[in-house]
Each structure stands twice: as C-alpha cells, then as structure tokens.
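Engineer: What follows is a single structure, and I will ask about it in a moment.
2 protein chains.
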Amino acid sequence: MSYRAPVSDIAFTLKHAAGLKNALAEGIYGDLDEETVDSVLAEAGRYASDVIAPLNSVGDKFGTPFKDGTVTTPPGWKKAYTDWAAAGWNGLAAPADWGGQELPHALNAACIEMWNGASMAFGIGPVLTMAAIDALHAYGNDKLKQEYLGKLVSGEWMGTMQLTEPQAGSDVGALRTKAERANGNYRITGSKIFITYGEHDLTDNIIHFVLARLPDAPQGTKGISLFLVPKILPDGSRNDVRAHSVEHKLGIHASPTCTMVYGDRGGAVGFLIGEENKGMACMFTMMNRARLAVGLQGVGIAERATQHALAYARERKQGPASAIIAYPDVRRMLLTMRTLTGAARAICYATGIAIDRSMRAKTDAERKSAHERASLLTPVAKAFSTDIGSEVASLGIQVHGGMGYVEETGAAQHYRDARIAAIYEGTNGIQALDLVTRKVPLEGGKTVNMYIDELRRTVKSVQSSNAPEFGETATRLGEAVDSLECASRWLLAQKASDAALAGATPYLRLFGNTAGGCMLAEEALASLRTGDGTSRSVFARFFAENIAIQASSLERSVTEGAGSFADAQAALAE
Amino acid sequence: MSYRAPVSDIAFTLKHAAGLKNALAEGIYGDLDEETVDSVLAEAGRYASDVIAPLNSVGDKFGTPFKDGTVTTPPGWKKAYTDWAAAGWNGLAAPADWGGQELPHALNAACIEMWNGASMAFGIGPVLTMAAIDALHAYGNDKLKQEYLGKLVSGEWMGTMQLTEPQAGSDVGALRTKAERANGNYRITGSKIFITYGEHDLTDNIIHFVLARLPDAPQGTKGISLFLVPKILPDGSRNDVRAHSVEHKLGIHASPTCTMVYGDRGGAVGFLIGEENKGMACMFTMMNRARLAVGLQGVGIAERATQHALAYARERKQGPASAIIAYPDVRRMLLTMRTLTGAARAICYATGIAIDRSMRAKTDAERKSAHERASLLTPVAKAFSTDIGSEVASLGIQVHGGMGYVEETGAAQHYRDARIAAIYEGTNGIQALDLVTRKVPLEGGKTVNMYIDELRRTVKSVQSSNAPEFGETATRLGEAVDSLECASRWLLAQKASDAALAGATPYLRLFGNTAGGCMLAEEALASLRTGDGTSRSVFARFFAENIAIQASSLERSVTEGAGSFADAQAALAE
C-alpha cells in the first residue's frame, strides 16, 4: 500500500482550521487566490504520490552505503530530487529576488507534509536546505548571497545544519569546533556528529552551515559563530571537510547521518554569517523553521500510517464481520490515528499562517503579535506532531496484527522512521522546556492567553451551532480549555521552578490536545457551514470525547505531579 | 550496557505486592520457604545476567538464517539453551512426576521475566515449551505422556504452538489445516504461519502442537482438534512437516518465525490430544499460560530499557547539571519507566499467585475463586504489560536522545523487540475484548467486584498510614478505584453491546493503572513496615499522582466515548 497525498483534506485544514481563507480575504498574500493554492497542492500531491512515495521502501532497504568518503543514495533518488528541484518545489516559499516563488509558508508547510508523507528520508534533506536559505537570506552578506543563495533556492546545491558534537547535544553552548581568522576568512577545525545529509551524491556541492567558536570567544552560547562552509570552494577545489562515517540507524535509512571532520589539511575555509559570536541568533532562525518542518514529518508519517492501516482494515476479513474495520476496537484505533493526525496537521499549518502573518501583516503590531503566536506554537507543532507520529505508526502496526511486525508489509518502516522526529531538531523534552520557560511567559502571558481566548471562541461556536452530531464536543473541549488556562496560569506564577519544569511535557500535550481538538471542531463547523457533505463532526466528536478528555489529568500532572520528584534521584539510584 | 536481573526488586514484589509471603505463611506451597525462593531467584538472576544477556545483541545481528529447510540459531545460543535446560529451569514449575520441580508458577513467572529481560528472542522459545507441557499434562493420554512429557519438561525437546493460518489469525475458528484418521492416528496436511521456533537447531526434536480440522468436524471453533506432531517420529524417521520460510521481522530477530508446511508426502503423523473437536479447550490451557508469559516479556524488556536509560542518564553530562538525570523532564521519563515496569511486574506476579492458588488452595471454593481471579487478571497481565513494554522502550530511546536512534547503542533493539508482545498470543485488542466480554461478567461481576474491594483496602491502608511521603497517593488511588468500579458497573449493565466493546481498550488500561498503582502502594507500605530503607513511596506517589490520575478520563472514554463510533465507518471511508 503506497501513499496518496490527501490533497483535499490538506486544503480543507489549511483554509478552514489554520486560517488561510481569512488570510487570503484580508489580502495578507496580495493577489494570491484559492485556485492557485489548490493547483499547487494538487501538483505537489501528484509528485509526492507518484514519484517520491514509490522510493520509500527502496530507500529503506538500500540505505546510504559509505565508501572512501562518499555516500551513494538509493537507486532513483537522484533523478527524483533533481526533477523535484527543477519543478521549483525547493524555492516555493523562498524570496522571489533569489529565484523563489515567495508563496505562503503555510502552503509550503502543506507541501513539506506531503514530501515527508511520501518518504521521511527524502523529505528531511530539503528541510535543511530551506532552513539554510532562511539563515543566509536573513544574515548573510551580499557576496555570500550572490555566490550561494540562488543555487540553494533552486536546489542545485543542498544545505546542512551542523550543531551537534559528542559532548554538545541539547547543550549547544558546549561545542568545541574551532574557527580561526585567516586571510580575511576563517579556518574551521573539529568534528560534528549526527549531520543529516552531511555527504551525498544528490548535488554537486553541499553547503554546510557550521557552528564554531573563535579563539577569543566568550564561553557558552554567547561565544558561538555561524559559518558557511562549502564542500567545493568557489575556485572548484575541494574544501577541507569530509564525512568520516555514516550511522546505522533504526529508521530513515536513506537519509545519510554523518560524522563530519574539519581540518585534515589545516582547516576548512569558512565564511562568517552575521556577526562574530552572534551565531546562535542565526541558528535559531534555521532551527525554528526546521522545527516546524520536523513537526510536519510527524504529520506526514502519521498520515501515511493511517492510510496504510485503513486500507488493511477495510480489506482484511476476520470472523463473522465482513472486514475488521467493523470491529469497535479497530475503529477506535483508526479514529485515534485519523484524528491525532488531523489535529497535528492543523496545529502545524496554523503555525505556518502565523509565520506568514509575522512577515506579511500590514502593521508592526500585527506582525509582532503574529511572530509571538508563531513562537508559541512552534514547540507544540514540533513535539506534539512528532509524538503522535510515533503513536499513530504504532497503532498502524497494531491494526495489521502479526502482518504489521513483518517488514515486508511496510507498517514497521513507518514505526522505525517516525521515531527520529521526536529526537532531532531539539528533543521533545527541549521543546516542552522551551514552551514552559520562554513561550508561555511571552509578554507576561498575554500571548498564551490570547490564544486560549481564541480556543474558547471555537468552543462557543460549537455550543451555539446546536448540531446534534457534535454530542458532548463543546462540553469536553470547554473543559480542556479550562484545564489549559489553569495550567498556564499556574506555570506563569511558578516561573521556571523545578516543579514547573517537571510538568513541561504533560503541559505540552495538554496544549496540543486542546488546540488540536478545537481546530478539528473548526473544521467540522466549516463543513456544516459549507455543506461539503463530509463527516468531520465524527472526528471532532471522537477527539473531544476520547482524547481531549485527558485534559484534567494532564492539568493535575502539571500542577500537582511534581511532589515525588525531589526524592526521585535517590530512589532511582537504589 | 547489559542487563542485570533486578533480583531484590523482583523478590520484594513477589513477596509483598503479589502475595507470595502470605501464600507461604498459609502453607499453600507445603514446606517451601522464603530462603529457597530467594536462592532460586538469585541463581536465575545470575544465569540471565551472565549467560543469556550477552547473547541478545549477537542474536539481533545474526538472526536465524534459513537454508535448505534448516534454521541456524546465533553463535552461542545452543550452548546457552542446553546449559539452561540442564540446570532445570525449563521444568521449574512442571509436575514432579515428569521430572519437574513443581515450584510455584509465581516463582516461574519471576524467572520468565528474567530470561526475557536478558533476551526476548531467547525467552520466547521456552514459553511455548512450557505451554505445551501444560496441555500435554492436562489432556494427553498416558502413552503420549510417556513418550514426550519427560523430554519436554527437561527441555531436551522443545514445543511449538500452531494456530495461525493466513485466513485465520484472531479468528481461530476459520482454520483449514486438515486431519484425517489413518492407522489409529491422524495425517495432517495444510500450512501454518507465524510459528515461533517452528524450526531450529537448539534441540534434536521439536514437538509441534497443531490445531486442525477433521473431515466431519462441525464448522468454527467447535470443530477443531489438537494434535501432537513431532518433527522426528518415535522410529527416528523424519515426519512430513517442514519449515517453508522464515519471516523478516522488525525485532526479536533471533526467534525464528516460520511458515510450516504439512503433507508434502501424504500427511504428517499426528497424535490426538484430548478428544476430537475439543481442541480449543486444550489450546486455551496453552494460551492462558503463554499469555501471562508474554506479559512477562513486556515486563522484562521494560526493565531492561529502564536499566539502560538510567545508566545513560546518570553518566551523560549536558549543560550546567552534573548529569542529565538532574533535569526534571528526564526524571519524569525515568520515573514513568520505573513505575510502569513495577506496576506491570506486580500484576503479572499476582496472576502467577492466583494460578498457584487455583491449583493448590485447600478447598474447592478457594481454588475456584483463585481460578476466576487468574482468569480476570490474565488479559490485563498480557495487554497492560506489553503496552507498557513498548512505551517504556520508547522512553528509553528518548532518554538517550540521538544516541538512542543509533542501533549500536542497543536502545533501539529494545524498542523493536518489545513491539511484538502486544500482538502475539492474542492481540491486545483481543485481550481487552476478553476482559470486557468474558472476564468482567464472571460470576455476574462478583469476581471483579471482589478484586475492586481488595484494591480499596489498599487505599485505606495508605490513608491510615498517615505517612507524609505518600502525598496525595491515597486520594488519587481512591479516585482511580472509584473510576474502575463505575466503569465495571457500566460494562456489566451494557453486556457485550458495541458501545461496551468500543471501550474495551481504555477499560483495560484503567484496570492496569489502578491495580498497578495499588500494588506499588502495597510495596511502599511493606517497605515502611519492614523498614528496608528503600524509597518505594516515591514510586507509589509518582504513579498515583501522574499515571493513576488518568482514571477519570479513561472511565469517561469507556462510558461516554462511543458516541461517534456508529458513523465512523462512513467517515473513515471518505
């Protein structure tokens, strides 16, 4: 069972739950219209379904053999990538001045979901190029832009993002890679681990974006600078950087994860991006975009697993029922898969709309407020979506029964692939800490409270719709919003105490469940309003009555759950 | 990081939470004493840790190559198995008349956890032999027992359990393998899939326990008979059964999962076990025992993943903290892992005690009541423990961060291995249906209500202990018991309606969380009582305040969650 991009679902969520329709009507996107959006989605859906999806299993089996410093990508991958770039997909949201199409980030988010639903190992490469484009565009000097930006936008060259070192994972400030000033540029020496697409044969050049430390730099994150280090230098010679090895991973086998070595021959030539010692700000630009994209990987793999399981459940006969989808327990699994996927999708797309508004809204105040909204939602989009990616893929195996455990079926690959997304681009624990310590306190809590008010308006709309098919949706979502509000208020009062940090992960889940549930309800309302004949209220109701109801226990876990943490270390050591 | 069997934890849970201490005091086990129990556990722990655990990674990499109908087990496996059997572990709980030691099933359960914590792929083989011993002992005629039982008990030969066919998975009644009467015995033709250890080189003979259908048998499960089909016949000739292929699976690579073919040369010779057409009763004897054992696999792999993560978290430095265990979010993960594992362990061992009482208690009434208790707990022991096996293994990856996704670390193997246990021996969905449709209604609900009363007594004991370290434990557990009682009452009133079936999975989780939480509290009470100096109250409190609190939402999901199910099929098909 292969993947078919769910284009009409995607379009519906984008327009009605995430707010693209309103944004278009307000003129945020100039003269862009719905028809253009629909045709872009349809075209992306075709490419993802017809060209990329069939490569997913080949990629898993072939992997990325590493020999004499070079990585071979699986059969068919280079052509698929080249054609994909030539069709302009890499530059969909990139600046028009540099060859991009400058279409909405929210639309690009929908496309990123499709590339990754088709193949996570394929989709992650361009995510890093797009992040590199953002950083270079925002912070690079004109010379660097002239040399590199056009080719990164077109996808002729790909980019990488290099933070991690053995002693510096979540703690970026501990990195040791050195940069020394030389001939007006820099020489980079050291090594990096876990570098996605650090070496490969898809493009002739690879542009590495590398965090390193100058000899006279302050300690910690305030002494880090960002450098552009091309694999091939402008004069055509090979730079002093190489892949040393490729990891043997649980999944995304076709995405080469490399250990990189700098400075075998005295140091790789690096070009500074932004100012010395201000590299973290540049890197955060890259990371925020990449975090949303990784959230979309979670959505994509969840969608693929759901399609796979649904097809199996409709076909597989067992016992007196015609097919196993008739069994209530199987329906519970499929409804859980379908609605978690839809909830995560809506959150990610809404984050994309907030990013667009932060760049395109008419007033400074609107742009600032949208920027804060995007900041608030990004960790939720990343962590909630990737957590549910693994959960949905696991349910996908379960629906298949014994067949799900056999690799040939493909369900197991989704399970293996999905698991990375909760780890890279900042583990989900780091996302939860970011949410609790930096995002909830934004503007003294105004940002989160405004968002909660919006969710409450959705609850009111469901209530006043009086549509019987909603069942207890309004009541349950209302309780969830109450819980989110209480937990947020409690966190704001706590500041970043250990008790607050202990509740970070359940708080993020509470946030995701509540926001996702409200957005599914928005979709159902839009479906009733537009009379499109779909049964979205079934999904909104299932989610409210079976998933959003976790709110009260999550709230308690946040506000009352840390009592045993103080003595935990001693107890665990026994 | 390898596995060290947690012998003292295991002994504590067995004695204080599962009730071995009381059972010993009551004389249920004759003159067996605690010292003997302790020394058996210590010896099993040594063998599991020192001999089996080091084979786990080798087994994963080597797998079970299949060539010309034969399966090769990984290097070192045959010696480890042979020595294990020679030490008497296979017959630990088997009848003394046939060479077993007739020790408690609860003690055997603890040992099964250790074999599987050391290596799930190793541990699952003997599970099936033990199940075969039970069926043969209960239903076989004297001649078959003379020929086979002693060698199965000693482990000189291993057994298999053969139900599944391509069209007959969870629906056993649909099986088509044929048995025809011939020369006083039977000839078996057909094929079976997903046969664990169906072919291997650990033992000279393999004794297959095969479900098949006689030509004149009634349809469905009432027309199924159980046959003993040895690989090698008593005259030394090869029987007409062979492995046709071995599956390529997500995990437990060293456990050969075979497709078996019967009747290339006219039919395999089979010997009837029990009566014709009464095979399901025999098979249930095997399955119930195997279900508890698979639950113990979940406990074992969860324990191993917890040890692995804990060691990493205590060693890995990141940021200003000395090691990542100091971070509250990491502690939350480790506490979740540790307490879910402990809860599942206690439930499984308590099931073992109930099995022992069902066989050894002094009066018929006590034995009957214990049998019902074992019947009630078995699906919970299987499904709750294997669900948390996967969840804990997933958290184990997360604690490792990027290192967890690299296969060399070993955390990923636990995640891959763990996933099968929720599927085989009856999927966890089937366990939940069994619980809701057959076990909760036992004796008109008396069985489950008696159990709930017992849980309530634990809550009262925590309350009256007035120990401040319990925090809100009593309150939260009390609420969980209330929820379990309400949900049980609701299910009893519903009978097996679709709405009841829809809530089966959340009900089972509610049951597991509540029972597990109370048993962790029993351990904490025992720890305070005995003054053993451990911090078990930390675990009881964490579980009550962070996991048992899910009870109210699980209860609602059971009693109010099915509203959207009726329209689900149409909605999912859109």
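Line by line, the protein sequences give chains Y and L. If you count the first sequence from 1, you need to add 7 to reach the numbering used here. If you count the second sequence from 1, you need to add 7 to reach the numbering used here. Glycine included, each C-beta is placed from N, C-alpha and C at the ideal position.
1. Beta carbons nearer than 7 Å to chain Y: which residues of the region 247-271 of chain L have them?
2. Would you say SER472 (chain Y) reaches chain L, if we count a Cβ-Cβ gap shorter than 8 Å as a contact?
3. Could you round the C-beta distance between GLY277 (chain L) and ALA186 (chain L) to whole angstroms and report it? I think they count as a contact, below 8 Å.
4. Per DSSP, what are the beta-bridge partners of HIS215 (chain L) in this structure?
5. Should HIS255 (chain Y) go down as buried or exposed, given a rule of 16 or more other Cβ atoms within 10 Å for buried?
6. If the criterion is Cβ atoms closer than 8 Å, does the pair THR228 (chain L) and LYS199 (chain L) meet it?
7. Should ASN473 (chain Y) go down as buried or exposed, given a rule of 16 or more other Cβ atoms within 10 Å for buried?
8. Verify whether the separation of the beta carbon atoms of ILE332 (chain L) and TYR412 (chain Y) is less than 8 Å.
9. So which residues of chain Y does ALA511 (chain L) contact, with C-beta pairs closer than 9 Å?
10. Which partner residues does VAL268 (chain L) have in the DSSP bridge list?
11. Pick helix, strand or coil for LYS285 (chain L), following the three-state DSSP scheme.
12. Can we count LYS229 (chain L) as close to the ligand HEM, meaning its CB is less than 7 Å from some heavy atom?
13. Name the two residues that bound the continuous alpha helix (DSSP H) containing ILE437 (chain L).
14. Report yes or no: do the region 470-488 of chain L and the region 542-552 of chain L share at least 3 C-beta pairs separated by less than 8 Å?
15. Under the rule that 16 or more other beta-carbon atoms within 10 Å means buried, what is PHE291 (chain Y), buried or exposed?
16. May I have the straight-line CA-CA distance separating CYS493 (chain Y) from MET344 (chain L), to the nearest angstrom?
17. Assign GLY568 (chain Y) to one of two classes, buried (16 or more other C-beta atoms within 10 Å of its C-beta) or exposed (fewer than that).
18. Return the residue from the list L:GLY70, L:ARG426, L:ALA381, L:GLN153 that minimises the CA-CA distance to ALA113 (chain L).
19. Fully enclosed by the region 457-545 of chain Y, which alpha helix (DSSP H) runs are 4 residues long or longer?
20. Answer with yes or no whether the minimum CB distance from ALA350 (chain Y) to chain L is below 8 Å.
21. Hey, is LEU404 (chain L)'s beta-carbon within less than 8 Å of any beta-carbon in chain Y?
22. Three-state secondary structure (DSSP) at GLU254 (chain L)?
23. Round the Cβ separation of PHE572 (chain L) and PRO327 (chain Y) to the nearest angstrom and send it over; I've been treating them as touching at under 8 Å.
24. So GLU567 (chain Y) contacts chain L; which residues on that side make the cut at Cβ distance below 7 Å?
25. Since LYS185 (chain L) is in the beta strand (DSSP E), which residue starts that stretch and which ends it?
26. Looking only at its chain, what residues have a beta carbon closer than 7 Å to the beta carbon of LEU240 (chain L), apart from the 5 residues adjacent to it on each side?
27. Please report the Cβ distance between MET165 (chain Y) and THR136 (chain Y), rounded to the nearest whole angstrom; I am assuming they are in contact, meaning their Cβ atoms lie under 8 Å.
28. In terms of residues, what are the limits of the beta strand (DSSP E) holding SER362 (chain L)?
29. Give the secondary structure of GLN108 (chain L) by DSSP, where H, G and I count as helix, E and B as strand, and everything else as coil.
30. So, do the region 368-378 of chain L and the region 140-157 of chain Y have three or more beta carbon pairs nearer to each other than 8 Å?
31. Would ALA425 (chain L) and GLY452 (chain L) qualify as a contact pair, given that the criterion is a beta-carbon distance under 8 Å?
32. Do ASN97 (chain Y) and VAL160 (chain Y) come within 8 Å of each other at the CB atom, strictly closer than that value?
33. Which residues in chain L have a C-beta closer than 9 Å to the C-beta of GLU415 (chain Y)? List them in chain order.
34. With distances taken from CA atoms, which of Y:SER244, Y:GLU310, Y:ALA116, Y:LEU299 is nearest GLY433 (chain Y)?
35. Using a Cβ distance threshold of 8 Å, determine whether the region 255-266 of chain L contacts the region 55-71 of chain L, with at least three qualifying pairs required.
36. In the DSSP assignment, what are the bridge partners of ALA175 (chain Y)?
Structural biologist: Based on what the coordinates show:
1. GLU254, HIS255, LYS256, LEU257
2. no
3. 6 Å
4. L:THR167, L:VAL236
5. exposed
6. no
7. exposed
8. no
9. PRO335, ASP336, ARG339
10. L:SER198, L:ARG249
11. coil
12. The ligand HEM is absent from the structure shown, which contains no ligands of any kind.
13. 435-441
14. yes
15. exposed
16. 27 Å
17. buried
18. L:ALA381
19. 480-501, 505-509, 511-537
20. no
21. Looking at the sequence itself, residue 404 (chain L) is Ile, so the reference to Leu does not match. Judged by the 8 Å Cβ criterion, ILE404 (chain L) is in contact with chain Y.
22. coil
23. Their Cβ separation, rounded to whole angstroms, is 18 Å, which puts PHE572 (chain L) and PRO327 (chain Y) out of contact at 8 Å.
24. GLU479, GLU552
25. 185-189
26. ASN246, VAL276
27. 5 Å
28. The question names Ser, but residue 362 (chain L) is Ile in the sequence shown. Note, ILE362 (chain L): premise wrong, no beta strand (DSSP E); alpha helix (DSSP H) at 335-367.
29. coil
30. no
31. no
32. yes
33. GLU254, HIS255
34. Y:LEU299
35. yes
36. Y:GLU172
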